[in-house]
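Protein chains: 2
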Amino acid sequence: MKYVFVVALVGMALTSLWAQESVELRVDGDRLNRRLAELAQYGKNAQGGMDRFAFSEADLESRPYLRKAMEEAGLEVHSDEAGNMIGRRSGRNSDLAPILIGSHSDSVPDGGVFDGALGVLSAIECAQVLYENRVTTLHPIEVVIFTDEEGGLVGSKAMLGELSEEALREVSHSGKTISEGISFLGGNPGLLENVVRKEGDVAAFLEIHIEQGKILETEKVEIGVVEGIVGIKWWDVTIEGSANHAGTTPMNMRRDALLSAAHLVIAVNRVVTSMPGSQVGTVGEIRAEPGAPNVIPGRVEMSLELRDLSESKVADLFDLIASEAVAIEKKLGTKITFDRSDTSSTPALTDPRLREAIAKSAEKLGLSYKLMPSGAGHDAQAMAEIAPTGMIFIPSVDGISHSPKEYSSPGDIVNGANVLLHTILEIDRGL
Amino acid sequence: MKYVFVVALVGMALTSLWAQESVELRVDGDRLNRRLAELAQYGKNAQGGMDRFAFSEADLESRPYLRKAMEEAGLEVHSDEAGNMIGRRSGRNSDLAPILIGSHSDSVPDGGVFDGALGVLSAIECAQVLYENRVTTLHPIEVVIFTDEEGGLVGSKAMLGELSEEALREVSHSGKTISEGISFLGGNPGLLENVVRKEGDVAAFLEIHIEQGKILETEKVEIGVVEGIVGIKWWDVTIEGSANHAGTTPMNMRRDALLSAAHLVIAVNRVVTSMPGSQVGTVGEIRAEPGAPNVIPGRVEMSLELRDLSESKVADLFDLIASEAVAIEKKLGTKITFDRSDTSSTPALTDPRLREAIAKSAEKLGLSYKLMPSGAGHDAQAMAEIAPTGMIFIPSVDGISHSPKEYSSPGDIVNGANVLLHTILEIDRGL
Chain A
69 MKYVFVVALV GMALTSLWAQ ESVELRVDGD RLNRRLAELA QYGKNAQGGM DRFAFSEADL
129 ESRPYLRKAM EEAGLEVHSD EAGNMIGRRS GRNSDLAPIL IGSHSDSVPD GGVFDGALGV
189 LSAIECAQVL YENRVTTLHP IEVVIFTDEE GGLVGSKAML GELSEEALRE VSHSGKTISE
249 GISFLGGNPG LLENVVRKEG DVAAFLEIHI EQGKILETEK VEIGVVEGIV GIKWWDVTIE
309 GSANHAGTTP MNMRRDALLS AAHLVIAVNR VVTSMPGSQV GTVGEIRAEP GAPNVIPGRV
369 EMSLELRDLS ESKVADLFDL IASEAVAIEK KLGTKITFDR SDTSSTPALT DPRLREAIAK
429 SAEKLGLSYK LMPSGAGHDA QAMAEIAPTG MIFIPSVDGI SHSPKEYSSP GDIVNGANVL
489 LHTILEIDRG L
Chain B
69 MKYVFVVALV GMALTSLWAQ ESVELRVDGD RLNRRLAELA QYGKNAQGGM DRFAFSEADL
129 ESRPYLRKAM EEAGLEVHSD EAGNMIGRRS GRNSDLAPIL IGSHSDSVPD GGVFDGALGV
189 LSAIECAQVL YENRVTTLHP IEVVIFTDEE GGLVGSKAML GELSEEALRE VSHSGKTISE
249 GISFLGGNPG LLENVVRKEG DVAAFLEIHI EQGKILETEK VEIGVVEGIV GIKWWDVTIE
309 GSANHAGTTP MNMRRDALLS AAHLVIAVNR VVTSMPGSQV GTVGEIRAEP GAPNVIPGRV
369 EMSLELRDLS ESKVADLFDL IASEAVAIEK KLGTKITFDR SDTSSTPALT DPRLREAIAK
429 SAEKLGLSYK LMPSGAGHDA QAMAEIAPTG MIFIPSVDGI SHSPKEYSSP GDIVNGANVL
489 LHTILEIDRG L
């Protein structure tokens, strides 16, 4: 009886302490920035960039370091059959699904120090602060380091059960197939069904990432509350005219495929910028045939890419571009065809409750924030298929990413990790 | 005395006969078209096109055939040190410089049957008609088959003394250098000074050629009276922007080099078509870097070519294009630079007296004609530097040239050769 009373008293005291501490809790910024520098030693190249691409020696060699950091954070660590490294800490309510936090530790070849690593080490830091402050969440917490994000969300797609046989056969930058790479990391590509999680298996997924653009920097905003990861549609565009001698063909007898292509490039820009919103449209690739200074181009092939959070807006934009193409065809006597590419992806929206939790945490910490889309792909986009997902951006200097020049300031990193920490606590109570 | 009188009488009779016959004289169209088909056997390829490129076995093997045709035309044949084959017939006045007529017998790889060959065989046909009809011109007549026109006017430039050591070292389609090729044809690249002709050494040069465009065909005109061969200016254009992630860079933060290039391509077209005249402007080559569908192009390289009979018009056009480029730079935050290429050529005008003689001959023959520029280069462009030059065009079906599909009708060929014949007679009297 006495014992029960004492336990209850201690429990009340702890709850009150927890409620108070959760406001005051802060990540250890020095430790987080030190770990970012330490992890950057694995795969560092002569340009100061990262060659820790998936399934490389550097990828493998960095794992004991990451395991140790997870263990220091009080997490119980295991690697799953997809090579995802997962560190878990139980919650107070064992009936609840875990809150997952994390990102990826692989880089693109000659990439930067922060892309992925920030999300991994911030998640570990948050777990460690909770552990050191003896704050036990209601939900179990799992820190996830996803396998080979840069090669196509390999680890997170495996968690959805969407890693196809074809994808497993693809050759990665390491020279290994994805399948060989997963085995190399200690996984088992034959038992991927073991890693699959279904709707309800994950209470929420949270990822912090560098912006990889310069919206936050330009607008001097400290935190980006990601509305979602944009859908991407690609088209191969072909413009057919008549190849002809540039000297003997008068201007009024030409069917110049490149002149038509030029009108189309401008039309893409005009259509995409004609509506409010954050949609983007890009022609990144162009080739004129036969491709000699003294021959009028008879054929042009170019790419067209449209991205937005709304699939119907992308469809509307494309329809407008296609109408402009018809007008160009008529005016210049050329033929324009659009072939949809299979590599397109659909938009992945974040959960409004998680957006709100991130915004509330930023406010509590006195940080400015704004709602914005993610123009690039992330593991969060896969996780959004099975769980309420939230994503936090911090500023990238000059918007540079996938480059040794990628940089985010220690102050911005600490701000972001603190927002992650308080968002975890917020949703732990709120969900 | 009696003898002199008889000679005078015969002379008067002949002169009158000549004057009358010159109106009635016609080429043997069947023979000309047959010879075109016969010459086309040398270097004919599986596509029905010509691989009689300069210094090939086919080029060498066709020469005895051409020599025989020249001899049948009553010409005294020799090959000069540049490999040019020349057939000469004396005139009545040995003090006069010769009238040169001819073209080239080489083709581009996979070229057509008519480009060059028409000019060579029509010139031989004209000589043969004069010979068979016992018409002796005042001026000597020389039929010239120039060496390697397609490789850069090699034979005609040698005749100007303008074939540089550097040009001699260039490797031709045959795999031989120009120098080796000249030796292969029996020439002597060490004695090219022997072939040089100066102003006054040639009374006139006449060339008949297929149009290689479709102005005559479209306008249903039978004969083109060439005003001159256009000058060509080339520029390498570089447009610099910022390469950036196509997903994370908002439309208003882009410096898209390809968008600027598109505006410039359209500006070139607008400027060139803004003035009356036959000037042309072409962007035939374009390359965007890094050249991926998901990266905003940071750099574009493209070609710019302008052609006209007037150098000052080309200069004016370029100035207008350069001003438009400055406006594009300002509007889109990109940098545009133009580098002039050395391969540019200056315009070569034909002689007004020869133009008139061609027009008068066409009229006499009841053929429609029009003044027009030659957008392509020809041996006539070299010869214009040392002699009054005239050039006759006949229609090219669909304007196709440098292709197995190159075609001109037998009727148009005969019309052209008859115009050449009467122009020779016209200028023989008139110059």
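These protein sequence lines are chains A and B, in that order.
This note's numbering numbers the first residue of the first sequence as 69 and each following residue consecutively.
This note's numbering numbers the first residue of the second sequence as 69 and each following residue consecutively.
All residues carry an ideal CB built from backbone N, CA and C; glycine is no exception.
*Can you say whether residue 125 of chain A is buried or exposed, counting buried as having 16 or more other CB atoms within 10 angstroms of its CB?*
exposed
*With a Cβ-Cβ cutoff of 7 Å, do residue 361 of chain B and residue 302 of chain A count as a contact?*
yes
*List the residues that DSSP assigns as beta-bridge partners of residue 167 of chain B.*
BP columns for residue 167 of chain B point to B:209 and B:272.
*Assigned exposure category for residue 130 of chain A - 16 Cβ within 10 Å defines buried*: buried
_Contact set between residue 282 of chain B and chain A, taken where Cβ atoms lie within less than 7 Å_ = 321
*Taking 6 Å as the cut-off, is the CB of residue 235 of chain B close to at least one heavy atom of the ligand COA?*
The ligand COA is not part of this structure, which contains no ligands at all.
*Using a C-beta cutoff of 7 Å, does residue 365 of chain A count as contacting chain B?*
yes
_Host alpha helix (DSSP H) of residue 244 of chain B (start-end)_ = For residue 244 of chain B, no alpha helix (DSSP H) encloses it, and the DSSP letter there is neither H nor E.
*Since residue 328 of chain B and residue 400 of chain B are thought to touch, with beta carbons under 8 Å apart, how far apart are those beta carbons, to the nearest angstrom?*
Separation of the CB atoms of residue 328 of chain B and residue 400 of chain B is rounded to 5 Å, and the pair is thereby assigned contact status at 8 Å.
*Find the nearest neighbour of residue 109 of chain A within the set A:359, A:441, A:180 and A:156, judged by alpha-carbon distance.*
A:180
*Find the residues of chain B that neighbour residue 415 of chain A, judging by a C-beta separation of less than 7 Å, and give them in chain order.*
Chain B residues near residue 415 of chain A: none, gap ~12 Å exceeds 7 Å.
*Would you grab the beta carbon distance between residue 357 of chain B and residue 366 of chain B for me? Rounded to a whole angstrom, and I think it's under 8 Å.*
6 Å
*Would you mind listing the alpha helix (DSSP H) stretches within the stretch 191-237 of chain A that are 4+ residues and don't spill past its ends, in chain order?*
222-228 and 233-237
*asked:* Distance cutoff 7 Å, beta carbons only. Does residue 371 of chain B sit that close to anything in chain A?
replied: Any Cβ of chain A closer than 7 Å to the Cβ of residue 371 of chain B would place that residue at the interface, and such an atom is present.
*With 16 as the cutoff for other CB atoms within 10 Å, does residue 490 of chain B come out buried or exposed?*
buried
*Which value, in whole angstroms, describes the spacing of the CA atoms of residue 290 of chain B and residue 435 of chain B?*
6 Å
*Report yes if the C-beta distance between residue 456 of chain B and residue 419 of chain B is below 7 Å; otherwise report no.*
yes
*What whole-angstrom Cβ distance do residue 186 of chain A and residue 277 of chain A have, given they're in contact under 8 Å?*
6 Å
_I believe residue 335 of chain B touches residue 250 of chain B by the beta-carbon criterion, under 8 Å. Please report the beta-carbon distance rounded to the nearest angstrom._
Going by Cβ atoms, the distance from residue 335 of chain B to residue 250 of chain B rounds to 44 Å, so no, they are not a contact pair.
*Nearest to residue 380 of chain B (by Cα), restricted to the options B:314, B:421, B:414 and B:351*: B:414
*Any residues in the stretch 283-296 of chain A with a beta carbon nearer than 8 Å to a beta carbon of chain B? Which ones, in chain order?*
Under the 8 Å Cβ criterion, the stretch 283-296 of chain A contributes 283 and 286.
*Using the C-alpha atoms, what's the distance from residue 452 of chain A back to residue 343 of chain B?*
59 Å
*asked:* Using beta carbons (cut-off 7 Å, strictly below), is residue 401 of chain A in contact with chain B?
replied: no
*asked:* Beta carbons nearer than 9 Å to chain A: which residues of the stretch 326-351 of chain B have them?
replied: Answer in chain order: 326, 327, 329, 330, 331, 332, 333, 334, 336, 337, 340, 341, 346, 347, 348, 349, 350 and 351.
*residue 271 of chain B beta carbon less than 7 Å from that of residue 195 of chain B*: no
*Scan the stretch 118-190 of chain A and note each continuous alpha helix (DSSP H) run of 4 residues or more that stays entirely inside, going in chain order.*
With a minimum length of 4 residues, the continuous alpha helix (DSSP H) runs that stay inside the stretch 118-190 of chain A are 125-140.
*asked:* Please identify, using Cβ separations under 9 Å, the residues of the stretch 456-475 of chain A that lie next to chain B, in order along the chain.
replied: For the stretch 456-475 of chain A, residues whose beta-carbon sits nearer than 9 Å to a beta-carbon of chain B comprise 464, 467, 468, 469 and 470.
*Compare the Cα-Cα distances from residue 341 of chain B to each of B:392, B:103 and B:385 and report the closest residue.*
B:385
*asked:* Could you tell me the alpha carbon to alpha carbon distance between residue 316 of chain A and residue 293 of chain B, rounded to whole angstroms?
replied: 14 Å
*Could you tell me the distance, in whole angstroms, from the CA atom of residue 321 of chain B to the CA atom of residue 189 of chain A?*
One alpha carbon belongs to residue 321 of chain B, the other to residue 189 of chain A, and they sit about 30 Å apart.
_Residue-level contact to chain B via CB, residue 408 of chain A, 7 Å cutoff_ = At a cut-off of 7 Å between beta carbons, residue 408 of chain A makes no contact with chain B.
*Would you report the Cα separation of residue 74 of chain A and residue 224 of chain A, rounded to the nearest angstrom?*
Any reading at residue 74 of chain A must be qualified, since the residue scores a pLDDT of 47, below 50, and its modelled position is unreliable; no value is offered.
*asked:* Measuring straight from C-alpha to C-alpha, what distance separates residue 304 of chain A and residue 325 of chain A?
replied: Separation of residue 304 of chain A and residue 325 of chain A (C-alpha to C-alpha, rounded to the nearest whole angstrom) is 15 Å.
_residue 257 of chain B beta carbon less than 7 Å from that of residue 207 of chain B_ = no
*Whose C-beta lies closer than 7 Å to the C-beta of residue 174 of chain A among residues of the same chain, with five residues either side of it excluded?*
120, 121, 122, 127, 184, 216, 217 and 218
*For residue 120 of chain B, go through chain A and note every residue whose CB falls closer than 7 Å to its CB, in chain order.*
By Cβ distance, chain A contributes nothing, its closest Cβ being about 20 Å from residue 120 of chain B, past 7 Å.
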